[in-house]
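S.K.: This is the structure I have questions about; it appears just below.
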Amino acid sequence: MSLLEIKDLTIYYRLQGGWVHAIENVSVNLESGERLGLVGESGCGKTTLAYSITFLLPNNAYLKSGTIKFEGKDLTKIAIKKDGGINMFAEGLRDIRWKEISIIFQSAMNSFNPVMTIGDQIAEAIQTHESIGRQETEERIRGLYEIVGIPKDRMDSFPHEYSGGMRQRSLIAMSIALNPKLIIADEPTTALDVITQDRILAELVKLQKSSNSSMIIISHDISIVAQLSTKIAIMYAGEIVEMAPTREIFKAPRHPYTMALLKAFPSIRGEKRRLVTIPGSPPDLVNPPKGCRFSPRCPFAKDKCKNEEPQLREVSADHSSACHFFEEIFEVR
Ligand SMILES: Nc1ncnc2c1ncn2[C@@H]1O[C@H](COP(=O)(O)OP(=O)(O)O)[C@@H](O)[C@H]1O
Ligand SMILES: [Mg+2]
Numbered sequence: 000m001s002l003l004e005i006k007d008l009t010i011y012y013r014l015q016g017g018w019v020h021a022i023e024n025v026s027v028n029l030e031s032g033e034r035l036g037l038v039g040e041s042g043c044g045k046t047t048l049a050y051s052i053t054f055l056l057p058n059n060a061y062l063k064s065g066t067i068k069f070e071g072k073d074l075t076k077i078a079i080k081k082d083g084g085i086n087m088f089a090e091g092l093r094d095i096r097w098k099e100i101s102i103i104f105q106s107a108m109n110s111f112n113p114v115m116t117i118g119d120q121i122a123e124a125i126q127t128h129e130s131i132g133r134q135e136t137e138e139r140i141r142g143l144y145e146i147v148g149i150p151k152d153r154m155d156s157f158p159h160e161y162s163g164g165m166r167q168r169s170l171i172a173m174s175i176a177l178n179p180k181l182i183i184a185d186e187p188t189t190a191l192d193v194i195t196q197d198r199i200l201a202e203l204v205k206l207q208k209s210s211n212s213s214m215i216i217i218s219h220d221i222s223i224v225a226q227l228s229t230k231i232a233i234m235y236a237g238e239i240v241e242m243a244p245t246r247e248i249f250k251a252p253r254h255p256y257t258m259a260l261l262k263a264f265p266s267i268r269g270e271k272r273r274l275v276t277i278p279g280s281p282p283d284l285v286n287p288p289k290g291c292r293f294s295p296r297c298p299f300a301k302d303k304c305k306n307e308e309p310q311l312r313e314v315s316a317d318h319s320s321a322c323h324f325f326e327e328i329f330e331v332r
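Numbering (our numbering), first residue to last: 0 to 332.
Written out as structure tokens, the structure is:
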């Protein structure tokens, strides 16, 4: 049994003018000890996918199909209303959040209660799930502060008294406070400088390894997840378009979008060209393009790509790609 098993997940957001196809038919498995990097440009559905795991979604989000099993238990049975709407406060989800699955949110500012000190908020999270005394709790928080590099005497500060980077670090401290089995880090270090970023991510991975927990690390930048993840899922326009062990993604990418994120398109004649950016931007997900959603931007697109929707297919046992032509389009790096 996998720790996390997401199967055929489809989540839409309701808008006045229609539905945003935010996640379409996504399947991912994660074993204990694995670190999944979730990569794609902004607007490709990474946050929606990650937050759906504990159903922390806005109230216009609807589950259209699929299951999310954590340790074999289908969480959609707990959280989904009859009409597909999501009850993010459903009984049973509270027990899972922080203790079993923790999320380091993209925006740390909104994650804290402004009228409580950060130390008290971490203490509350710990004491909600574990019956340990005040002193032991404080000791644990001091240990966490050391790991994330915040001076211990700042425990009694309020969120607005912290810098953006310190808030982000205290959120990381909170996310590891209860030794969860799965840590989801959504672009966790964008508010930090590069050196702090490297140090904290390395620290997170060290912790994850020592406890054999799993991680999902989200970034728009594939180079950030490269060092950290054991496997990578590339998302484009609400779909996973390629998934493989990290080394394989870098050595032998089999989807043009992945190649684009790696900034290396092979040209038609075979010589390699470096691109600084991918021309165009991800599509409007209210009316996603017909056929392959990447085809309007793909330098290799043929008629079939514009008309037929590609399925994720096996390239090899643990490598899959959703390009119609992955047999022909690959790069020798
Ligand atoms: N509450 C919402 N209502 C409607 N559309 C939304 C909402 N939240 C996100 N979206 C849309 O869903 C898509 C996926 O967004 P998101 O999951 O945040 O992507 P990413 O994290 O990759 O940037 C985007 O098109 C975004 O505009
Ligand atoms: Mg996001």
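For glycine and all other residues, C-beta sits at the position ideal for the given N, C-alpha and C.
Assign M87 to one of three DSSP states: helix, strand, or coil.
M.R.: Within the sequence shown, the letter at position 88 stands for residue 87. Coil, per DSSP.
S.K.: Roughly how many whole angstroms lie between the Cα atoms of C291 and C304?
M.R.: Taking the sequence shown and counting its residues from 1, the one referred to as residue 291 is at position 292. Taking the sequence shown and counting its residues from 1, the one referred to as residue 304 is at position 305. Using only the alpha carbons, I get a separation of about 5 Å.
S.K.: What did DSSP end up calling F69 once you bin it into helix, strand or coil?
M.R.: Taking the sequence shown and counting its residues from 1, one reaches residue 69 at position 70. It is a strand residue.
S.K.: Where do the ends of the beta strand (DSSP E) carrying L3 lie?
M.R.: Here the question's residue 3 lines up with position 4 in the sequence shown. First-last of the beta strand (DSSP E) with L3: 3–14.
S.K.: Start and end of the beta strand (DSSP E) containing N24?
M.R.: For the purposes of this step, residue 24 is taken as residue 25 along the sequence shown, with counting starting at 1. From DSSP, the beta strand (DSSP E) with N24 extends over 17–29.
S.K.: Going by beta carbon distance, what residues of the same chain come within less than 6 Å of Y12, once the five residues before and after it are set aside?
M.R.: Here residue 12 refers to the residue found at position 13 when the sequence shown is read from its first residue. The residues are V19, A21, N59, A60.
S.K.: Is any non-hydrogen atom of ligand 2 found closer than 6 Å to the C-beta of T53, if you look at the structure I gave you?
M.R.: The residue labelled residue 53 in the question sits at position 54 within the sequence shown. Checking the Cβ of T53 against ligand 2 gives no.
S.K.: Return the first residue and the last residue of the alpha helix (DSSP H) that H254 is part of.
M.R.: As a working mapping, residue 254 is identified with position 255 in the sequence shown. Where H254 is concerned, there is no enclosing alpha helix (DSSP H), given that its DSSP letter is neither H nor E.
S.K.: Can T127 be considered in contact with ligand 2, in the sense that its beta carbon sits closer than 6 Å to one or more heavy atoms?
M.R.: Within the sequence shown, residue 127 is the residue found at index 128, counting from 1. The answer is no for T127.
S.K.: Please indicate yes or no: does the CB of K45 lie closer than 6 Å to some heavy atom of ligand 2?
M.R.: Taking the first residue of the sequence shown as 1, we reach residue 45 at position 46. Yes.
S.K.: Quick one, are the C-beta atoms of Q310 and E186 less than 7 Å apart?
M.R.: The count along the sequence shown starts at 1 and reaches residue 310 at position 311. The count along the sequence shown starts at 1 and reaches residue 186 at position 187. Their beta carbons are not under 7 Å apart, which means Q310 does not touch E186 by this criterion.
S.K.: Using the Cβ count rule (16 or more neighbours within 10 Å means buried), how would you classify A124?
M.R.: Taking the sequence shown and counting its residues from 1, the one referred to as residue 124 is at position 125. Classification for A124: buried.
S.K.: Please report the straight-line C-alpha distance between P158 and D119, rounded to a whole angstrom.
M.R.: As a first step, residue 158 is located in the sequence shown; it is residue number 159 there, counting from the start. As a first step, residue 119 is located in the sequence shown; it is residue number 120 there, counting from the start. Rounded to whole angstroms, P158 to D119 spans 11 Å at the Cα level.
S.K.: Should N58 be counted as a contact of ligand 4 given a C-beta to heavy atom distance under 6 Å?
M.R.: With respect to ligand 4, the structure shown offers nothing to examine, as its ligands consist of ligand 1 and ligand 2.
S.K.: Can you list, in chain order, the stretches of the beta strand (DSSP E) that have 3 or more residues and sit fully within the region 92–124?
M.R.: 100–103
S.K.: Could you tell me the distance, in whole angstroms, from the CA atom of Y161 to the CA atom of S280?
M.R.: Indexing the sequence shown from 1 puts residue 161 at position 162. Indexing the sequence shown from 1 puts residue 280 at position 281. Their backbone Cα atoms lie some 35 Å apart in a straight line.
S.K.: Return the CA-CA distance between K289 and E308, expressed in angstroms with no decimal places.
M.R.: Along the sequence shown, read from residue 1 onward, the residue named residue 289 stands at position 290. Along the sequence shown, read from residue 1 onward, the residue named residue 308 stands at position 309. C-alpha separation (whole angstroms): 7 Å.
S.K.: Is it buried or exposed for K250, if we count other Cβ within 10 angstroms and need 16 for buried?
M.R.: The sequence position of residue 250 within the sequence shown is 251, counting from 1. Exposed is the call here.
S.K.: What are the start and end residues of each continuous alpha helix (DSSP H) run of 4 or more residues lying completely inside the region 139–214, in chain order?
M.R.: Whole alpha helix (DSSP H) segments, 4+ residues: 163–175, 193–210.
S.K.: Determine the DSSP secondary structure at V224, reduced to helix, strand or coil.
M.R.: Reading the sequence shown from its first residue, position 225 is the one you call residue 224. V224 falls in the helix class under three-state DSSP.
S.K.: From the DSSP output, in three-state form, read off R34 for me.
M.R.: Along the sequence shown, read from residue 1 onward, the residue named residue 34 stands at position 35. Strand at R34.
S.K.: Between L261 and E99, what straight-line distance do the alpha-carbon atoms span, to the nearest angstrom?
M.R.: On the sequence shown, residue 261 is found 262 positions in, with the first residue counted as 1. On the sequence shown, residue 99 is found 100 positions in, with the first residue counted as 1. L261 and E99: Cα-Cα distance of roughly 33 Å.
S.K.: Look up M234 in the DSSP assignment and give the residues it is bridged to.
M.R.: Stepping through the sequence shown from its first residue, residue 234 is reached at position 235. In the DSSP output, where bridge partners are listed per residue, M234 has I239.
S.K.: Nearer than 6 Å: is that true of the beta carbon of V19 relative to any heavy atom of ligand 1?
M.R.: Your numbering for residue 19 matches position 20 in the sequence shown. Indeed, a heavy atom of ligand 1 lies less than 6 Å from the Cβ.
S.K.: Measuring only the C-alpha atoms, how far is E326 from R253?
M.R.: As a position in the sequence shown, residue 326 is number 327, starting the count at 1. As a position in the sequence shown, residue 253 is number 254, starting the count at 1. Taking the straight line from one Cα to the other gives about 8 Å.
S.K.: R168 and I149 - do their beta-carbons sit closer together than 7 Å?
M.R.: Position 150 of the sequence shown, counted from the first residue, corresponds to residue 149. Position 169 of the sequence shown, counted from the first residue, corresponds to residue 168. Yes, the pair counts as a contact, with Cβ atoms nearer than the cut-off.
S.K.: When the Cα of S64 is compared with those of P295, S319, D82, which residue comes out closest?
M.R.: As a first step, residue 64 is located in the sequence shown; it is residue number 65 there, counting from the start. Minimum Cα distance to S64 is reached at D82.
S.K.: What is the residue span of the beta strand (DSSP E) that S320 lies within?
M.R.: Locating residue 320 in the sequence shown gives position 321, where the first residue counts as 1. Unbroken beta strand (DSSP E) run through S320: 318–320.
S.K.: Distance check for M87 and Q15, CA to CA, integer angstroms please.
M.R.: Along the sequence shown, one-based indexing puts residue 15 at 16. Along the sequence shown, one-based indexing puts residue 87 at 88. Approximately 22 Å between the Cα atoms of the pair.
S.K.: Just to confirm the assignment, what range does the beta strand (DSSP E) spanning S280 have?
M.R.: Locating residue 280 in the sequence shown gives position 281, where the first residue counts as 1. Element bounds for S280: n/a, residue is neither H nor E.
S.K.: With hydrogens ignored, establish whether the beta-carbon of G42 is closer than 6 Å to any heavy atom of ligand 1.
M.R.: For the purposes of this step, residue 42 is taken as the residue at position 43 of the sequence shown. Indeed, a heavy atom of ligand 1 lies less than 6 Å from the Cβ.
S.K.: What do you reckon, is the C-beta of Y235 under 6 Å from a heavy atom of ligand 1?
M.R.: Here residue 235 corresponds to residue number 236 of the sequence shown, with the count starting at 1. The answer is no for Y235.
S.K.: For R96, count neighbouring C-beta atoms within 10 Å of its own C-beta (all shown protein chains included) and say buried if the count is 16 or more, exposed if not.
M.R.: Numbered from 1 along the sequence shown, position 97 holds the residue referred to as residue 96. R96 comes out buried.
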